[in-house]
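Q: One structure is given below, represented as structure tokens, and several questions about it will come after.
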Amino acid sequence: MILPTTSVGSFPKPEYLTRARTRYARREITRDQLEALERQATEEWIRFQEEIGIDILVDGEMYRGDMCTYFAENMRGFRVSGLVRAYGNRFYKKPVAVARVEYETPITVEWFKFARARTARPVKGMITGPYTMMDWSFNEHYPSRRAFALDLARALHDECLALQEAGAPYIQIDEPALSTKVDELPLAIELTGIVTDGLRARTIMHICYGAFEKVYPAMLDIPVDQLDLEMANSHFDLLDLFRTKPFTKEIGLGVIDVHTHEVEPQDRIEEWLRRTLQVIPKERVYVDPDCGLKTRTVEEAQAKLRVMVDAVRAVRREIGG
Amino acid sequence: MFKTTVVGSYPRVGDTPELQRLRRAIGEFEQGRRSLEELRQVEDDVTREVITEQARAGVDLITDGLIRWYDPVSHLCRHATGFEINGLLRFFDNNFFIRQPVVKEEVHWAGPSVSEEYRFAQAHAGGHPVKAVLMGPYTLARFAKDTHYGDFRALLRDLTVLVRTELVRTLEAGAQDVQVDEPALLEQPGDFPLLLAALRELLDGVKARTCLALYFGSLRGIAEALRELPVTGLLVDVVSRPENLEILAQGAWPADRSLVLGLLDARNTKLEPPEQVAELARRVAGRRPAESLWLAPSFGLELLPREAARRKLERLVECAAFLRRTQR
Chain A
166 MILPTTSVGS FPKPEYLTRA RTRYARREIT RDQLEALERQ ATEEWIRFQE EIGIDILVDG
226 EMYRGDMCTY FAENMRGFRV SGLVRAYGNR FYKKPVAVAR VEYETPITVE WFKFARARTA
286 RPVKGMITGP YTMMDWSFNE HYPSRRAFAL DLARALHDEC LALQEAGAPY IQIDEPALST
346 KVDELPLAIE LTGIVTDGLR ARTIMHICYG AFEKVYPAML DIPVDQLDLE MANSHFDLLD
406 LFRTKPFTKE IGLGVIDVHT HEVEPQDRIE EWLRRTLQVI PKERVYVDPD CGLKTRTVEE
466 AQAKLRVMVD AVRAVRREIG G
Chain B
77 MFKTTVVGSY PRVGDTPELQ RLRRAIGEFE QGRRSLEELR QVEDDVTREV ITEQARAGVD
137 LITDGLIRWY DPVSHLCRHA TGFEINGLLR FFDNNFFIRQ PVVKEEVHWA GPSVSEEYRF
197 AQAHAGGHPV KAVLMGPYTL ARFAKDTHYG DFRALLRDLT VLVRTELVRT LEAGAQDVQV
257 DEPALLEQPG DFPLLLAALR ELLDGVKART CLALYFGSLR GIAEALRELP VTGLLVDVVS
317 RPENLEILAQ GAWPADRSLV LGLLDARNTK LEPPEQVAEL ARRVAGRRPA ESLWLAPSFG
377 LELLPREAAR RKLERLVECA AFLRRTQR
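Chains as they are written, first to last, in the working numbering: chain A, 166 to 486; chain B, 77 to 404.
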């Protein structure tokens with residue numbers, strides 16, 4: 166099949182789960198009660214993705230709060246900080262490395278298995294990458310960013326092996342911080358080499374918030390099979406860049422702006438797809454939203470995913486795929 | 077000698093319910109369950125608390141913690157006409173986001189902000205010196221999305237007038253120390269002449285002590301030109317870019333003007349040993365009169381949790397005391 170559709174990872178949590186998380190934080194419900202609702206929400210999202218015909222499924226990350234803190238809480242060497250402002254009136258807690266960081270036990274594998282058992286379609290394994298975990302954590306232990314990130318890379322490699330062992334055909338490494346410090350791209354490339362070393366699963370790196378023009382084409386050296394990029398929020402301006410210097414990997418093509426309430430008109434997405442196919446061979450194009458959809462409402466996220474799938478179907482019909 | 081100051085922001089929320097009242101008040105205001113006046117009272121209250129916390133830590137020159145700022149960039153634009161405040165934009169390389177001001181028509185000052193904030197802070201600081209902080213016109217122009225002027229210089233000119241209006245009012249409110257932040261310059265060192273012209277206009281005739289704050293980037297490329305800056309003091313983040321310390325050690329900033337060394341990492345909870353901070357500070361101290369040298373964190377402290385920010389301030393004061401005690 167050409168233009169397989171997928172998602173970056175997170176979906177919005179249904180209201181009953183958001184409420185339950187607040188109650189769990191106040192110790193009004195037990196961990197088991199919370200997890201039962203996380204499973205319910207995951208099942209609902211799996212069903213939805215199957216229903217609308219997404220090709221490669223994700224578990225929706227119903228069990229994750231912050232993308233770094235979730236992993237840090239499940240590794241050795243971290244504690245979790247107090248609240249820090251992200252923007253406006255939004256606050257989050259950050260990991261703090263206080264000792265040597267080590268892999269302890271599988272982090273996302275049980276959730277991967279749970280999702281996989283509920284669909285016949287391929288499910289993607291997804292981890293937060295070592296560069297982003299290093300950059301978005303406080304560091305009270307390591308003498309350098311590099312030393313900290315290398316231990317994270319080794320730990321996350323073990324998580325990838327466990328996901329592969331559990332049957333993940335695709336493993337995606339999320340590195341939203343990667344495009345912010347251009348001079349550390351060589352470090353990020355080294356770290357990714359450690360994380361993906363020897364994997365048979367197809368590997369994907371998701372990068373966002375990008376000043377991609379500063380790291381392109383150097384980012385094509387990142388040792389993964391596919392780079393997943395946000396294209397929609399810059400209205401596909403990046404295609405011009407790819408025209409001058411060819412995109413040599415598979416691309417995860419973000420066609421949905423995750424920061425707008427508006428549901429994209431189908432013809433706009435179709436147009437973007439057609440323009441992309443003039444620049445990148447169709448065998449190398451996967452289609453997904455720009456980023457995780459967790460900041461949208463359930464209704465917005467579902468409407469956006471539906472229109473994405475409809476647009477892909479229309480373009481497939483045109484080009485006979 | 078070796079006095080201490082801060083760069084500006086301070087965490088507005090802590091980990092206890094009591095320390096989260098501003099977060100709740102904003103949420104309730106947005107849901108229409110609280111009046112603007114009630115929200116302002118909570119802001120006042122938290123500002124007083126943050127002033128006390130800085131003064132109690134022993135910091136010599138404090139700020140109001142910028143508690144009322146939505147973010148460093150859109151704050152002044154929210155008190156002006158010609159802007160629409162838009163989506164999120166990363167603030168340099170931090171996992172912290174500002175709202176991008178979109179320039180829709182000619183920009184004009186439309187009401188007081190920092191001047192009133194300064195007046196309030198000074199009145200509640202119990203005689204403790206307070207510094208007023210303004211984001212500079214060049215950095216505002218760099219972060220703004222211009223859909224009106226079509227000419228960066230024209231936008232910069234009007235933004236300079238806008239910031240100057242507020243600056244003059246702040247001086248009229250009694251401010252004796254004014255800090256202007258221009259971090260974006262370090263990303264475009266070639267724009268130094270533009271910044272210089274803007275600062276000359278901004279600070280023309282100003283008698284107060286003026287400090288230019290530069291953080292996150294490298295001084296490389298502008299080191300030779302620094303002395304042309306029409307300010308009485310310079311604040312430099314020497315943590316994010318260690319080479320900045322060497323550039324300053326080589327005398328890039330005149331010894332007869334004050335220099336604030338941003339030497340404690342404002343982006344990490346780890347507390348630096350005073351001996352280590354002292355050693356770095358001494359590289360710059362050289363033949364410079366000790367009273368012209370200040371210590372500070374490398375940026376505003378709001379990228380830290382509240383508790384860590386307080387400990388950072390205490391450590392800052394310890395470092396200065398250590399330097400004075402061990403002065404050769």
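We put the CB at the ideal spot given by N, CA and C, even for glycine.
Note down the Cα distance separating Leu352/A from Arg311/A, rounded to an integer number of angstroms.
A: 7 Å
Q: When you check each C-beta in the region 245-265 of chain A against every C-beta of chain D, which residues fall closer than 7 Å?
A: The chain inventory of the structure shown lacks chain D, comprising the protein chains A and B.
Q: Does the distance from the C-beta atom of Lys388/B to that of Leu340/B stay below 8 Å?
A: Taking a C-beta distance under 8 Å as the contact criterion, Lys388/B and Leu340/B qualify as a contact pair.
Q: Kindly say whether Phe303/A, judged by its beta-carbon, lies nearer than 8 Å to any beta-carbon of chain B.
A: Yes, Phe303/A lies at the interface with chain B (some Cβ there is under 8 Å from its Cβ).
Q: Which runs of the alpha helix (DSSP H) fall wholly inside the region 224-279 of chain B and span at least 4 residues, in chain order?
A: 228-248 and 268-278
Q: Beta carbon of Pro213/B, beta carbon of Leu247/B: below 8 Å?
A: no
Q: Are the CB atoms of Leu392/A and Ile354/A within a distance shorter than 8 Å?
A: no
Q: Would Leu379/B count as contacting chain A if we go by Cβ distances under 8 Å?
A: Among the residues facing chain A, Leu379/B is included, as its CB has a counterpart in that chain under 8 Å away.
Q: Compile a chain-ordered list of the residues in the region 343-354 of chain A whose CB is closer than 8 Å to at least one CB of chain B.
A: Thr345 and Lys346
Q: Should Leu377/B be labelled buried (16 or more other beta-carbon atoms within 10 Å of its own) or exposed?
A: buried
Q: So, is Gly203/B buried or exposed, given that buried needs 16 or more other C-beta atoms within 10 angstroms?
A: exposed
Q: Pick from Gly266/B, Glu258/B and Ser191/B: whose alpha carbon is nearest that of Leu290/B?
A: Glu258/B
Q: In three-state DSSP terms, what is Trp19/B?
A: For chain B, the structure presents residues 77 to 404; residue 19/B sits outside this window and is missing.
Q: Identify whether Pro260/A lies in helix, strand or coil by the three-state DSSP scheme.
A: strand
Q: Alpha carbon to alpha carbon, how far is Ser85/B from Cys287/B? Give it in angstroms, no decimals.
A: 16 Å
Q: Buried or exposed, going by whether 16 or more other CB atoms sit within 10 Å of the CB of Met77/B?
A: Counting the other Cβ atoms within 10 Å of the Cβ of Met77/B gives fewer than 16, which makes it exposed.
Q: With 16 other CB atoms within 10 Å as the buried threshold, where does Ser309/A fall?
A: exposed
Q: Is the region 340-354 of chain B touching the region 293-303 of chain B, taking contact as three or more C-beta pairs under 8 Å?
A: no
Q: Is Pro213/B helix, strand or coil by DSSP?
A: DSSP, reduced to helix, strand and coil, places Pro213/B within a helical segment of the structure shown.
Q: Nearest to Met370/A by CA position, among Leu364/A, Pro388/A and Ala376/A, is which residue?
A: Pro388/A
Q: Taking the Cβ atom as the reference point for each residue, do Pro381/B and Gly242/A lie within a distance shorter than 8 Å?
A: no
Q: Does the region 457-476 of chain A come close enough to the region 424-434 of chain A to have 3 or more Cβ pairs within less than 8 Å?
A: yes
Q: At 9 Å on the CB atoms, spell out the chain B contacts of His424/A, in chain order.
A: Gly163 and Leu164
Q: If you measure from the beta carbon of Ala384/B to each beta carbon in chain A, is any gap under 8 Å?
A: yes
Q: Span of the beta strand (DSSP E) holding Tyr252/A?
A: Met240 to Tyr252
Q: Please classify Ile127/B as buried or exposed, where buried requires at least 16 neighbouring CB atoms within 10 angstroms.
A: Counting Cβ neighbours within 10 Å, Ile127/B comes out buried, since at least 16 surround it.
Q: Alpha carbon to alpha carbon, how far is Val190/B from Ile372/A?
A: 38 Å
Q: Jot down the residue ranges of each uninterrupted beta strand (DSSP E) in the region 392-421 of chain A, minimum 3 residues, whole runs only, in chain order.
A: 415-419
Q: For the region 96-117 of chain B, which residues have a beta carbon sitting closer than 9 Å to at least one beta carbon of chain A?
A: Gln96, Leu98, Arg99, Ile102, Gly103 and Glu106
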